[in-house]
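Here is the structure we will look at.
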Amino acid sequence: MRKMKIAMPILMVGLAVVMGCAKPPQADIDAAKASVTAARDAGAADYASASLRDAENSVASLDAEVAAQTKKFALMRSYKQAAVLSAQAKAAGEKATADATAGKEKAKADAEALLAQAKTAMDEANAMLATAPAGKGTAMEIEAMKTDMQTVQTSIAEGEQAHAAGRFLESKAKFEAALNQATGVKTAIEQAKEMKMGKKKA
Amino acid sequence: MATVAPDLHWLTRHPLRILGRMKRRHLNRFQIRRLRRASRRTRALVLGGVTALGIVAILPILTGRTTPRWFALESARQAVVQAQNTNADDWAPGDLRQAEAMFQVARIEHRHQELRILPLRDFTQAELLLREAERLASATSAHSLRVRQATRDSARVAITRAADSVGKGVAFSEAMHLAVYDRRLLTSSRLALEEAELLHRRGEYTLATKRALAAGSQAERVSGRAAQAASRYTDAGLVQNWRQWMKETISWSERSGAAAIVVQKDKHELTVYARGKAVKTYRVELGFNSIGNKWRAGDSATPEGRYHITAKKPAGQSGYHMALLLDYPNAEDRRRFDAARRVGRLPRNASLGSLIEIHGEGGRGKDWTKGCVALANDDIDDLFKRIGVGTPVTIVGGDGNGGTYTKLVGMHRAEPTSAGLD
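Chains as they are written, first to last, in my numbering: chain A, 1 to 202; chain B, 1001 to 1422.
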């Protein structure tokens, strides 16, 4: 009985010390928030918005848990759930970063493929213009088309600037428009040639 | 018999074990009776206390205050996720932040109550907050969709207006030769318009609007300058002068009974008059820079003035199927040229040019010559038969009615610019 009387207060104090020392898993929380920030920096808002949203919601859940625990009496706090949520939020942030990187890479690859196509079409159109017979009546049109191709070239250069700055959605649109314009010029030259051939035959 | 005063201090610690102890301590029956009464009182008190405590603990449970609001929590969460899925971050960011903040407060309150011991839990406030978060999130979704729709519509309007402006610019470019700068600007506007369409298709409405506005603005600048150049076709003084020339030519044909030709640049028409009556009208193509009058050799403009046919070149003698040579330049052209050179409008080494003809190889659907008037081969064949050397040929800008340039100028003046949206 006497032993119990001595042991009980010691046990209570020990428990109080252990419980009182429960602190938020700050390192885990910081790591989770850092992973979401990294996702945002990786362009997740543009390229992996759903994943970023999941990660942000996970962080919000974590914040709520920490805030709820903080409201409790100090000796009764427990941050086990917060640790679990931190891990989940960190994983969600990392997934968002990975998705953003993949999305960005895909947009970049798509834009680059369009750039290559646009440059090829432009080179072909320029070559066709260089060899087009410039007689009375056609010289003016050839000059106009050359002017158009110069504008296309300028547009491609602007697209390349946007591409270099990581604005792939913008660069993609520019390259696609340039490709269509260059293709249009090529088609016009081909049609003019066909018309001329037809006229000669007639 | 000496009475032993009982040590009763332990009673306060163990009131329910009183009787057992009493027996062990050999108390007399009065003392035992007294203590039994005290024990009954204590028992009643404890029982009453426990019952009261039980009621206090059960009452909140019975009222439902302690029940977690899982449904409300999930419902609010779903509403927030739905708002996020409408891209409210882009379309209603302020509303979304507010809804998310409210949900966070509600969630913290709910979790706080979950962590309390059962009788002390009270989810009433959490429920109210969750309901409010859900309401805000639903309103955000609706607002976001409305703004998105409005932005999409606004981008569509911008694209439509830009397309109109670009179309007008293209119409000008097809009707007249544009300077290199304007041609570049027009192509640039076409590219911007296409980018706007592509961006709109991908849901990038803000960027699409930006590109559409750029396209519209560039095309309007082209159309503005082109309309200014074409405005001479609506100039009252010039039109009156041209009408006078036409009238005099037709009167001459009527008086002399001979054929006369009137070419209206604006309408791209060549009309043959016989005895003052229009007998045949042909579609013609002109110098590709015919918006203005001819000033010098190489400006690719068709001259405006009163000329005569000086020679007929049948097939084989002309590079353009057949040709009727005009006596360009006439005295008036020379006077104008000299005056322009004197005031420095033309360089000293400029020449007036010559060899303006009405010839064949036309029918291309656009102005392409360097100043001549071109007809389709069948038409020049027909005209060749009707016309002889000495036939007067009056070339005018137009009569101010229904010509290509007149229409374009009218269209440009009538339509609102797309440079700014409402």
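Beta carbons are placed, not taken as given, at the ideal position from N, Cα and C, and that holds for glycine.
Residues Glu1109 of the same chain have their beta carbon placed closer than 7 Å to that of B/Gln1125, with the five preceding and five following residues left out of the count. For the C-beta of A/Asn180, the chain B residues within less than 7 Å are, from N- to C-terminus, Glu1194.
At a C-beta separation below 7 Å, A/Lys71 has these neighbours in chain B: His1112.
Approximately 19 Å separates the beta-carbon atoms of B/Ala1196 and B/Val1147; this is outside 8 Å, ruling out the contact. Between B/Leu1178 and B/Ser1223, the alpha-carbon positions lie close to 10 Å from each other. Cβ-Cβ separation between A/Asn126 and A/Met149: approximately 6 Å, consistent with a contact (criterion under 8 Å). Residue-level contact by beta carbon fails for B/Glu1127 and chain A, as no gap is shorter than 8 Å. Exclusion of the five residues before and after B/Gly1276 leaves Ile1250, Ser1253, Glu1254 as the residues of its chain whose Cβ lies within less than 6 Å of its Cβ. Sixteen is the threshold: when 16 or more other Cβ atoms of the shown chains lie within 10 Å of the Cβ of B/Val1166, as they do, the residue is buried.
Contact annotation, B/Asn1289 with B/Ser1300: C-beta distance approximately 4 Å; criterion of less than 8 Å satisfied. Under the Cβ criterion of 8 Å, B/Ile1291 is not counted among the residues facing chain A. Partner residues in the beta bridge of B/Leu1326, as assigned by DSSP, are B/Ile1309. Within the region 1132 to 1164 of chain B, no residue has a Cβ lying closer than 8 Å to any Cβ of chain A. Taking each of B/Val1373, B/Ala1212, B/Val1393, B/Thr1066 in turn and checking the Cα distance to B/Leu1198, the smallest one comes out for B/Ala1212. Comparing alpha-carbon positions, the option among B/Gly1400, B/Thr1271, B/Asp1382, B/Pro1303 lying closest to B/Gly1353 turns out to be B/Pro1303.
Look at B/Ser1256 here: in three-state DSSP terms it is helix.
Inclusion of B/Val1373 and B/Thr1234 in the CB contact set at 8 Å is not warranted, their separation being larger than that value.
DSSP, read as helix, strand or coil, puts B/Gly1353 in coil. Contact check for A/Ala118 and A/His163: beta-carbon distance about 12 Å, past the 8 Å limit, so the pair fails to qualify. By the rule that beta-carbons nearer than 8 Å mark a contact, A/Gln150 touches chain B. Along the region 1366 to 1377 of chain B, going in chain order, the ones with a CB nearer than 8 Å to a CB of chain A are Trp1368, Thr1369, Lys1370. For the pair B/Ala1079 and B/Ala1150, the CB atoms are not nearer than the 8 Å cut-off. In the pairwise beta carbon analysis, the region 1072 to 1087 of chain B is classified as not touching the region 1024 to 1044 of chain B: fewer than three pairs are separated by under 8 Å. Burial check for A/Lys95: the Cβ neighbour count within 10 Å reaches 16 or more, so the residue is buried. When Cβ-Cβ separations below 8 Å define contact, A/Ser155 makes contact with chain B. The beta carbon of B/His1321 sits no closer than 8 Å to any beta carbon of chain A. Note that the C-beta distance between A/Ile189 and A/Met122 is not below 8 Å. Counting only Cβ-Cβ distances below 8 Å, A/Thr147 has contacts in chain B at Val1180, Arg1183, Arg1184, Thr1187, in chain order. Around B/Ala1158, the same chain offers Ala1196, Ala1208, Thr1209, Ala1212, Leu1213, Gly1216, Ser1418, Leu1421 as residues with beta carbons nearer than 8 Å, after the five sequence neighbours per side are excluded. Beta-bridge partners assigned by DSSP to B/His1112: none are found. Per the Cβ contact rule, the region 34 to 53 of chain A is not in contact with the region 75 to 82 of chain A (fewer than 3 Cβ pairs under 8 Å).
Here B/Arg1341 is not near B/Arg1334, since their CB atoms are 8 Å or more apart.
With a 10 Å radius around the Cβ and a threshold of 16 neighbouring Cβ atoms, B/Gln1240 comes out exposed.
Runs of alpha helix (DSSP H) with 4 or more residues, each lying fully within the region 1010 to 1094 of chain B, are found at 1018 to 1024, 1029 to 1063, 1070 to 1085, 1088 to 1091, listed in chain order.
A/Ile6 is classed as exposed because its beta carbon has fewer than 16 other beta carbons within 10 Å across all chains shown. By the rule that beta-carbons nearer than 8 Å mark a contact, A/Lys174 touches chain B.
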